[in-house]
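Just so you know, the sequences run in chain order V, W, Y and R. Counting in the working numbering, the first sequence runs from 67 upward without gaps. Counting in the working numbering, the second sequence runs from 67 upward without gaps. Counting in the working numbering, the third sequence runs from 67 upward without gaps. Counting in the working numbering, the fourth sequence runs from 67 upward without gaps. What follows is a set of notes on a single structure, which appears directly below.
Protein chains: 4
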Amino acid sequence: MKFQVSSELAYQVYYPSTLLINIHALRLPGQTIIEETFTIDPYIRVEELISAEYENRFIRLEAEEGTHIRVSYTAVVDTMYKEVERAQLEAVPVGQLDGNVLPYLFPSRYCQSDKLGRMAYKKFGHIGNVYEKVMAIIDWIYENIEYAGGTTNSQTSAYDTITERAGVCRDFAHLAIALCRALTIPARYFTGYSYKLKPSDFHACFEAYIGGQWLIFDATRLAPLNGLVKIANGRDAADASIASIFGNVSLTYMSVSCLSLEENFVAFTHQDYYNKGLALCTV
Amino acid sequence: MKFQVSSELAYQVYYPSTLLINIHALRLPGQTIIEETFTIDPYIRVEELISAEYENRFIRLEAEEGTHIRVSYTAVVDTMYKEVERAQLEAVPVGQLDGNVLPYLFPSRYCQSDKLGRMAYKKFGHIGNVYEKVMAIIDWIYENIEYAGGTTNSQTSAYDTITERAGVCRDFAHLAIALCRALTIPARYFTGYSYKLKPSDFHACFEAYIGGQWLIFDATRLAPLNGLVKIANGRDAADASIASIFGNVSLTYMSVSCLSLEENFVAFTHQDYYNKGLALCTV
Amino acid sequence: MKFQVSSELAYQVYYPSTLLINIHALRLPGQTIIEETFTIDPYIRVEELISAEYENRFIRLEAEEGTHIRVSYTAVVDTMYKEVERAQLEAVPVGQLDGNVLPYLFPSRYCQSDKLGRMAYKKFGHIGNVYEKVMAIIDWIYENIEYAGGTTNSQTSAYDTITERAGVCRDFAHLAIALCRALTIPARYFTGYSYKLKPSDFHACFEAYIGGQWLIFDATRLAPLNGLVKIANGRDAADASIASIFGNVSLTYMSVSCLSLEENFVAFTHQDYYNKGLALCTV
Amino acid sequence: MKFQVSSELAYQVYYPSTLLINIHALRLPGQTIIEETFTIDPYIRVEELISAEYENRFIRLEAEEGTHIRVSYTAVVDTMYKEVERAQLEAVPVGQLDGNVLPYLFPSRYCQSDKLGRMAYKKFGHIGNVYEKVMAIIDWIYENIEYAGGTTNSQTSAYDTITERAGVCRDFAHLAIALCRALTIPARYFTGYSYKLKPSDFHACFEAYIGGQWLIFDATRLAPLNGLVKIANGRDAADASIASIFGNVSLTYMSVSCLSLEENFVAFTHQDYYNKGLALCTV
């Protein structure tokens, strides 16, 4: 499925600063970048970095004091999702997990799974099937956490949200990840462009490792799952934030869009989850 | 109903210290102290204090460095509880609450009701009747919080317990109080001697203000409600701890007991709650 | 010293609500109310309440759905402060504190002194004199906490501020109180009108019990201490907030002022503290 | 410098469990493993895993219900440390950091650097040289945090320790790491065997990235820096715990030792830090 994604960020720079900007679509077997353009105005030399596990492409740039910079990214991306039958969605025992999946079992900055063990077990421990456990988690979050802008900030974590019961997509994802890990289900943070997200913005959701693959889930129900174009994975937002600033700048403008370039888009919605899982193709 | 209550605390004193000991049964209209003895060995002059609102009697004593002191209290107390019909148990609107009840609507050290608003409202807000709300709160706590010694300490608060899901009577009471206040139901902490509590110890539970009176509730279901002899009320354990130490002493021994002096004790149990409330008589 | 204080609050009422409004100047031996006017537009019947310990006067009003109400208070208040020589400012041992002072030794919602013990002792424990301890506390807060609007909210407590190092007058007071109590110095929250505070607003600071009296302190250094007109005392902001809302209203307007009615006002500033303490007269 | 390290862990297994045991010395340019033995009694097939960035070797084993297993590791390890002149210890700007160093700038589960920014800047921001900054951090920690077993647990994080002011080596390391990252100094967790540590145990400290290399630091001052044999690096203890248990087992025995096999060991102590840095050789 082809999407045209684009984003634009503008910053006022008060002091010489280094920015790590994480808005490029990832190159993955199931996500082909057909074309992409990245520009900075005024021109600054930038460097593209790829993290060790290929779960993250980002650019690093040095911004001079007193400048106003504008970063733009546009890409045409072809994504291939596969639907996975429920019958194949069994848990992978810890003893058989790939070494590179294991880190996603441990607690992280915004996903304190070590503090949620009793609660997760009490609420979801009785559910036998792992896929149903994750579904129960996201349904519970959807029903119990109020989606409300302005109620949280960049320091809000799953431990706050589980009690304060409000947040945005980032908080929904963090809480879901923490609950999964508390139940020994590997889970990782996902940021991306999202088709039909309203209002248009970057989106955050998560992937859980089930049946030998990373299935995508979204507790917010705000957009179709197969309309996502992946920017990054990480343990949580500490690894995969859109922009990390070292210095002193302020964001003065942001726009994000994601358009479908094909006419036959059939949304894979929350309802479809109940029948089958969804994952980016891996070959 | 007559009870013989007694407690004994021993302390090793490492440094000149002031102790506030809060183990005396309260003198109340519904709780008559027939006889009581308080001794300290070796003898130290002590002072008895009563707090401004009569919700607390305690003794203050100065312990000298290097001593080992033993504090003993015994009393025969006659308590009169009344059962209150469900029909009388309507909420008192904030606009009609007595001024001295209002403080029990506000958050306190261990009962951060201000942080539990959304959660309380989501879980219990749909219940129309105030008595049923409180019953739903204590049933939920009983079912979701594990009673487990050693999981919490003197700094543990309702905000911790709501997520960590384990604790002792103090934690059960704090969480219940916080949830009540979050729903605009006045609630206060209660410490006392408790008949049939196993193992024998001081007990903590709480009272909620419904239908113009302070009804007693206990989310732990550990002992009959009408076997309680009240020691103190407070906003939470910060106001009503058994002992407050200023200096450096260690507790070397503690025993607590509560015996019935009558044969016809009929326990008012958790099951009875569903039919009628219980309160200490106030006249 | 005579001051004219006034405040005006307006609320849009979305749902039938009860408001507790705490903007009246207290009647105290050292604070005489020469005249005062309180109006509500449109007229609603209100009730004036005084808390048990006389540390709080407030009005309770019932606001109807769909109304817009405007609450105005004006008073001429004569305050008498006394300066206290340093020589008289010795600590009162816990063993000699009045019973009604003891509650101000315990932790409260926003002043978790029980969590700050080691830190307070390490930083201030070596200072022998109690007055110097409190001075060291407020100097340390002034130097280490950034006064910055918008960094905190109504849930922020001393435990947050000690690490996050930013806040407003309320947060400065909470942190100072928590540190005092951690060192066994009784301390209570103070709200008031404040002459020469810029921008004009309600102010919060605190009192510590030293030498047998409640001395006033302000870690913000924003206004002269002897220009304060007391509205309320409390353990912290949970007891003494300007307005407590039960229902659903939004604040649409607020103005506060405090003018001197005499010409010879001589500010008692932070610098004067180092020489002598200040307290409202108590006879 | 040759060391003989050994450790033994025994577990009672209540339920089929998977264990990740992280007690092997790392193979590194500056750390040669001359010989090593790893045994499990009774014999179970185990699997050795190495994490993607080679910062972690661990074994995974499946333990059967009702068994009692004993894991033993012994190795002779030759470590080569280099001393680094202060003149070479300049900060590497974020713009020039290697991509694989960047993750160590971000907050993690136990090192919430995002919450410590103001505090770190206020306390250490004025120090120009990065090495002096880190020295000031560990000196401050040593002077202000009480080393006290039993005061913390596996959920304790830097955000707790900064206020509660007590902990063990793990807590000292987490706090130091959080403060470094808050000042844009990459820092990572280090676990190892430690010569002359008393009582003998696994040790935790940290490395900071300065002058293009990972220098080792230890805020506890409990053992010589050049007596460390590295087991693992990680963002914090979530990545590098000695044992991660999935299932239900209890630790019944643990012993750890680290002996020098050469006679000329000259301790590189805290005092030596002030003159030069120390790092494991990287070639």
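Where is the CB? At the ideal position from N, CA and C, for every residue including glycine.
Handout entry: Cβ-Cβ separation, V315 of chain R to G258 of chain R (assumed contact under 8 Å), whole Å
Key = Within the fourth sequence, numbered from 1, the residue matching residue 258 of chain R stands at position 192. Within the fourth sequence, numbered from 1, the residue matching residue 315 of chain R stands at position 249. Wrong, their Cβ atoms sit about 24 Å apart, outside the cutoff.
- Message: With distance defined between alpha-carbon atoms, name the residue in W:L245, W:F124, W:I116, W:Y176 nearest to S223 of chain Y.
- Response: Against the third sequence, residue 223 of chain Y aligns to sequence position 157. Comparing Cα positions, the closest option is W:Y176.
- Message: Under 6 Å: does the beta carbon of F268 of chain V sit that close to some heavy atom of the ligand COA?
- Response: Although the ligand COA was asked about, the structure shown includes no ligands whatsoever.
### Message
Quick check on this structure: which residue in Y:K342, Y:A141, Y:R111 has the alpha carbon closest to the alpha carbon of S73 of chain Y?
### Response
Residue 73 of chain Y sits at position 7 when you count from the first residue of the third sequence. For S73 of chain Y, the closest C-alpha among the options Y:K342, Y:A141, Y:R111 is that of Y:A141.
If we count the other Cβ atoms within 10 Å of its Cβ and call it buried at 16 or more, is V332 of chain Y buried or exposed?
The count along the third sequence starts at 1 and reaches residue 332 of chain Y at position 266. V332 of chain Y is exposed by the Cβ-count criterion.
For G233 of chain V, three-class secondary structure by DSSP = Numbered from its first residue, the first sequence carries residue 233 of chain V at position 167. Note: G233 of chain V maps to strand in three-state DSSP.
* Between which two residues does the beta strand (DSSP E) carrying I125 of chain Y extend? -> Counted from its first residue, the third sequence places residue 125 of chain Y at position 59. Element bounds for I125 of chain Y: 123 to 129.
(request) Name, in chain order, the residues that DSSP records as bridge partners for W375 of chain V. (result) Absent from the structure is residue 375 of chain V, since the part of chain V shown begins at 67 and ends at 349.
query = When we look at the beta-carbon of G300 of chain V and count the other beta-carbons within 10 Å, is it buried (16 or more) or exposed?
reply = By one-based count along the first sequence, residue 300 of chain V stands at place 234. By the Cβ neighbour-count rule, G300 of chain V is buried, with 16 or more other Cβ atoms within 10 Å of its own.
Subject >> T257 of chain Y - partner residues in DSSP beta bridges >> reply: As a working note, residue 257 of chain Y is residue 191 in the third sequence. In DSSP, T257 of chain Y forms a bridge with Y:A270, Y:A298.
Suppose you measure from the CA of S260 of chain V to the CA of P169 of chain Y; what does that come to, to the nearest Å? As a working mapping, residue 260 of chain V is identified with position 194 in the first sequence. As a working mapping, residue 169 of chain Y is identified with position 103 in the third sequence. Near 55 Å, if we compare the C-alpha coordinates of P169 of chain Y and S260 of chain V.
* Tell me whether the beta-carbon of E113 of chain R lies closer than 7 Å to the beta-carbon of R126 of chain R. => Start at 1 with the first residue of the fourth sequence, and residue 113 of chain R comes out as number 47. Start at 1 with the first residue of the fourth sequence, and residue 126 of chain R comes out as number 60. For E113 of chain R and R126 of chain R, yes; Cβs fall inside 7 Å.
Discussion item. Counting only C-beta atoms, is A232 of chain V closer than 7 Å to chain W at any point?
Written reply: The residue you call residue 232 of chain V lines up with position 166 of the first sequence. At least one chain W Cβ lies under 7 Å of A232 of chain V.
- Message: Please list, in chain order, the residues of the segment 237 to 270 of chain R that have any C-beta partner in chain Y closer than 9 Å.
- Response: If the cut-off is 9 Å between Cβ atoms, the segment 237 to 270 of chain R has nothing near chain Y.
Q) D305 of chain V versus chain R: which residues are under 8 Å apart at the beta carbon? A) The sequence position of residue 305 of chain V within the first sequence is 239, counting from 1. Correct list: P169, F172.
Notebook entry, point to check: Nearest CA to the CA of T229 of chain Y: which residue from Y:N219, Y:N88, Y:L182?
Noted result: Mapped onto the third sequence, residue 229 of chain Y falls at position 163. Looking at the Cα atoms, Y:L182 is the closest of the given residues.
message = I want to verify the contact list: residues of chain V whose CB lies under 9 Å from the CB of F312 of chain R, in sequence order.
response = Looking up residue 312 of chain R in the fourth sequence gives position 246. What F312 of chain R touches in chain V: P159, V160, G161, L171, T250.
As an exercise, report each continuous beta strand (DSSP E) stretch of at least 3 residues that is fully enclosed by the segment 118 to 172 of chain V, in chain order. Taking only runs of at least 3 residues, the beta strand (DSSP E) segments lying wholly in the segment 118 to 172 of chain V are 123 to 129, 134 to 145, 147 to 151.
Quick one, are the C-beta atoms of V196 of chain W and A248 of chain W less than 7 Å apart? Your numbering for residue 196 of chain W matches position 130 in the second sequence. Your numbering for residue 248 of chain W matches position 182 in the second sequence. No, they are not a contact pair.
*CB of A242 of chain R within 7 Å of CB of A285 of chain R, strictly*: Along the fourth sequence, one-based indexing puts residue 242 of chain R at 176. Along the fourth sequence, one-based indexing puts residue 285 of chain R at 219. Yes.
**Report entry** Bounding residues of the alpha helix (DSSP H) (the contiguous stretch that carries Q337 of chain V)
**Finding:** For the purposes of this step, residue 337 of chain V is taken as the residue at position 271 of the first sequence. Run containing Q337 of chain V: 336 to 339, per the alpha helix (DSSP H) assignment.
Comparing C-alpha positions only, which one of V:D226, V:Q97, V:Y77 sits nearest to S138 of chain V? In the first sequence, the residue the question calls residue 138 of chain V occupies position 72. The shortest C-alpha separation from S138 of chain V is found at V:Y77.
I need the boundaries of the alpha helix (DSSP H) containing F190 of chain W, first residue and last residue. Walking along the second sequence from the start, residue 190 of chain W turns up at place 124. For F190 of chain W, the enclosing alpha helix (DSSP H) covers residues 183 to 190.
Please list the terminal residues of the continuous beta strand (DSSP E) segment that includes T318 of chain R. Sequence index remark: in the fourth sequence, residue 318 of chain R carries index 252 (1-based). That run of the beta strand (DSSP E) goes 309 to 326.
For a cutoff of 7 Å on Cβ pairs, would you count D180 of chain W as touching chain Y? Position 114 of the second sequence holds residue 180 of chain W. So yes, D180 of chain W belongs to the interface.
(Q) Run through the DSSP bridge pairs and tell me what C177 of chain V is partnered with. (A) The residue labelled residue 177 of chain V in the question sits at position 111 within the first sequence. C177 of chain V is bridged to V:S174.
Please state the DSSP three-state secondary structure of I193 of chain W.
Along the second sequence, one-based indexing puts residue 193 of chain W at 127. I193 of chain W carries a coil assignment under DSSP once its states are collapsed to helix, strand and coil.
Contacts around D338 of chain V, its chain only, beta-carbon distance under 6 Å, and the 5 residues preceding and following it disregarded
Here residue 338 of chain V is taken as the residue at index 272 of the first sequence, counted from 1. Same-chain partners within the cutoff: there are none.
DSSP three-state label for T348 of chain Y, please. For the purposes of this step, residue 348 of chain Y is identified with residue 282 of the third sequence, where counting begins at 1. In the three-state reduction of the DSSP assignment, T348 of chain Y falls in the coil class, being assigned neither a helical nor a strand state.
Write down the C-beta distance between C246 of chain Y and V71 of chain Y rounded to the nearest angstrom, noting that I regard them as a contact closer than 8 Å. Counting from 1 along the third sequence, the entry for residue 246 of chain Y is found at position 180. Counting from 1 along the third sequence, the entry for residue 71 of chain Y is found at position 5. About 27 Å; that fails the 8 Å criterion.
- In terms of residues, what are the limits of the beta strand (DSSP E) holding F331 of chain W? For this step, residue 331 of chain W is matched to residue 265 along the second sequence. Boundaries cannot be given for F331 of chain W, as no beta strand (DSSP E) includes it and DSSP labels it neither H nor E.
Between the CA atoms of I251 of chain Y and L155 of chain Y - distance to the nearest angstrom: The sequence position of residue 155 of chain Y within the third sequence is 89, counting from 1. The sequence position of residue 251 of chain Y within the third sequence is 185, counting from 1. It is roughly 12 Å from the alpha-carbon of L155 of chain Y to the alpha-carbon of I251 of chain Y.
Check your understanding: Between the beta-carbon of I193 of chain R and the beta-carbon of A186 of chain R, is there less than 7 Å?
Key -> Here the question's residue 193 of chain R lines up with position 127 in the fourth sequence. Here the question's residue 186 of chain R lines up with position 120 in the fourth sequence. Not a contact, by the Cβ cut-off of 7 Å.
Among all the DSSP beta bridges, which residues are the ones paired with K342 of chain R? Here residue 342 of chain R is taken as the residue at index 276 of the fourth sequence, counted from 1. Note: K342 of chain R sits in a beta bridge opposite R:E151.
**Message:** Using beta carbons (cut-off 7 Å, strictly below), is R152 of chain V in contact with chain W?
**Reply:** As a first step, residue 152 of chain V must be located in the first sequence, where it is residue number 86. No, no contact with chain W.
Restricting to Cα atoms, I'd like to know which of V:V150, V:P265, V:N210 is closest to G343 of chain V. By 1-based counting over the first sequence, the position of residue 343 of chain V is 277. Of the listed residues, the one whose Cα sits closest to G343 of chain V is V:V150.
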